[in-house]
Structures are given as structure tokens and as C-alpha cells.
Amino acid sequence: MQHTVAFSPDFTQSLGLNLQDNTNPGAFSRAVGFNWDTHVSARAFDADLVIATNHGSQTNTIGTTATTTPVIGIQRVPELAIRARPFQINTLRLPVTGTLTDGIYDDGYDNIETSRLDFNAQLGPGIYRVGDAAVINATATVHQDAYGTGDLQGALGFQGTLQNFFGHHADNTLVYTDQSVRGYTPMPSLDKLSGSNQISEVLNMYNQAYYHFTASTNYDFTTKFLSSINYQVTVNPSPYSYVSLGTSYDPHGTGYSPLVIEFATPVTRTDYVQFQGDYDFQQHALQGQNWYLTHTVSDCYVVRIAYHQPLKEVDVSLALLAFPGQTATFGINNNGPIVAQPFGY
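Residues in the sequence shown are numbered consecutively from 1374, following my numbering.
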């Protein structure tokens, strides 16, 4: 149940009540959720005062023994969130956003009840052009939590992107991400933060819609680990056909993964063929082959034939163009024939 009263365009109150009952063999659960939200909008900020609770229990029966456990959740009693309107540092052309949240929380996951003041701000993204062929995009974040237990937790984050263009047919993008976390939180289920320090690279080569080649990888400075290098190339010889090849290279010893192959092309004016499969470099063989052939007869009906090598199965379907939703399908696999599906109206 949800009910909202708008006293004005800038002041509303919402009341929500949710009841859930689940019954399964040997188990029964009931949960009641309550949410009260008072929303205020102003020129410099908008704010929400929220009271949100969730209570209930779950009963499991094994034989003649019944065990009842409470539903665990985070109760906000209450929580005030104030979000500043975005503004810009004009000299740096840098947008700024910020949120201040203050509340009292009953955290059933971590079995603690305490107050919490949370400040979160973002500077950026700032976009700057370097010369005629490079663009820098940078964003910084500040996150600080203060708890009624006296604990503090903070995080500083940064993400920078450098994109270089090489003529009209290639570009290279470097993305560096760093987040440093300090302090301790008594409520990790609510405020779990983790540090990161990594860089990723994506190389694109293209010529309009005729071909597109992509190579990408990632390096983690913390673990000193280079991820697999992924390759993907797509070629469109015509508006009605394409070829796609994809693989990855593991620099830690396993080498190249199977080459994923896909292509589709018209064979004649009335025939169209598609293929999906893998080429295993170690076994030097195609695997997981799936062939699809579509044949149109006199612009009246369409015959589709599919061969699935992993299943050793052939499927045939017939569709009337005058009745697009009506088809009949039958097939043969290694277990024998498949009963045809009748037309349905």
C-alpha cells in the first residue's frame, strides 16, 4: 500500500506499508515493512526525512521441530538526507554535487544500534581538451562517515580518463581508478568500502560501419595482476552480412581462449545462412557448431532449418508470412524424432 499527499509542488509526504507472506513446504515467513517519507524541495537543496522499518519472522519445520528466526534488516529511525543542488566552479569548469545524511540506525545484520553522519561529495566530471586529438575526463569523490560509537571511516576516490584519437579511424582510451579507504565502520553491511588502484586500456580501430576492432585489458596495481587481453573484430561486408571473431589471451600461461566465430550472409535472394561456433586452438577443431538456414518460398512461407552440433539435433520450422504468429516445428535429435508443434490460434 502506498499513499502520497502533495501539499505543494515542493512539499510532499508518502506513506508505504508492505505485508509479505510466503508459505512453502516446511517453511513460513511473514514480513511487515513501513516507510514514511517527508520530501522538501528548495532552491539550494532538496531533503527527505525517512522512517523505514522492516519486521517479521521465518519459521522452518524439520520433522516435529519448528525453529523461528526474526527477519534481519536495517531500520532507519529516522534518517535525514539533504542533497545540495549541483553547482559549478566556473574557473575550472568543474561541477560539484554533495549529500549530507544523518540518522539513527538499527542494523540487524551487524547487531548494533547507533547514529551515523555521512557526507558524500563529487567533483566533476571535468572535461578538458588537450590539443586537437586528446580529451581528459576527471572525477574526484570524498566520502566521510562518523558514527555514534566514535568510529570514523573515510574514502578519497579519483577516476581519470585519457582518450587519444588517431585520425578518423582509431582511438585509445586509458582509465585510471583509485580509491583509498581509511578508518573503521561498525556497520559493514551499510557502509562497506573497499580500496582500488587499477588502470584499464581500450584500443579501437574502425572504418565507419565496415569494420571495428577492439582490444582491451586491465592491470591491478594492488595485486600486481594483469587481466586477460580481449580481442574482438567485426566486419560488415554489406548491409546484410557480417563476420564477428572474438578471443582472449591469458598472459599467465593458458594462452588463447577458443575463438568465438559468428557470421551471417545471404546465399541467394531467398536463402540466408548463419553460423555460431568456437575454434579451439589446442585441438585445432571447430566446436559447438550451430548452423541456421532460412529459405523463403514464393514470398508465401519461410522454412528454417537449424543444426546444433552439441545436441546432435536438427530442427525444422515452417512459418506462413500471411500469419506471422503461426509456426509449426519438428526436429530430430540423437534420442529420436521430436513431435511437431501444431498451429495455434
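Backbone N, C-alpha and C fix where the C-beta goes; we use that ideal spot for every residue, glycine too.
| Query | Result |
| --- | --- |
| N-terminal and C-terminal residue of the alpha helix (DSSP H) that Ser1573 is part of | Taken as a continuous stretch (DSSP letters only), Ser1573 belongs to no alpha helix (DSSP H), being part of the beta strand (DSSP E) at 1569-1580. |
| Which of helix, strand or coil DSSP assigns to Ser1430 | strand |
| Thr1377 burial status per 10 Å Cβ neighbour count (16 or more: buried) | exposed |
| Buried versus exposed, by CB contacts within 10 Å (16 or more), Thr1437 | exposed |
| Burial state of His1516, where buried means 16 or more other Cβ atoms lie within 10 Å | buried |
| Burial state of Arg1416, where buried means 16 or more other Cβ atoms lie within 10 Å | exposed |
| Three-way DSSP call (helix, strand, coil) for Pro1721 in this model | Outside the displayed span of the chain (1374 to 1718) sits residue 1721, for which this structure offers no information. |
| Buried or exposed (CB count within 10 angstroms, at least 16 for buried), Arg1489 | buried |
| Unbroken stretches of the beta strand (DSSP E), 3 residues or longer, contained in the region 1586-1673 | 1602-1611, 1614-1623, 1632-1639, 1644-1653, 1658-1670 |
| Collapsed DSSP secondary structure at Asp1564 in the structure displayed | helix |
| Under the three-state DSSP convention, the category Pro1451 falls into | strand |
| Delimiting residues of the beta strand (DSSP E) encompassing Gly1499 | 1485-1503 |
| Where the beta strand (DSSP E) containing His1542 begins and where it ends | Looking at the DSSP string, His1542 is not in any beta strand (DSSP E), and its letter there is neither H nor E. |
| Residues near Ser1414 by beta carbon distance below 7 Å, same chain, minus five either side | Asp1383 |
| Spatially closest choice to Ala1658 from Leu1632, Thr1641, Cys1673, His1681, by CA coordinates | Leu1632 |
| Residue from Pro1498, Leu1694, Pro1451 whose Cα sits closest to the Cα of Phe1460 | Pro1498 |
| Close-in-space but distant-in-sequence residues of the same chain around Ser1402 (CB under 6 Å, 5 per side omitted) | Asn1395, Gln1431 |
| Distance between Gly1446 and Asn1433 (C-alpha atoms, nearest Å) | 19 Å |
| Cut-off 6 Å between Cβ atoms - residues of its own chain near Asn1570, not counting five sequence neighbours on either side | Asp1551, Phe1594, Thr1595 |
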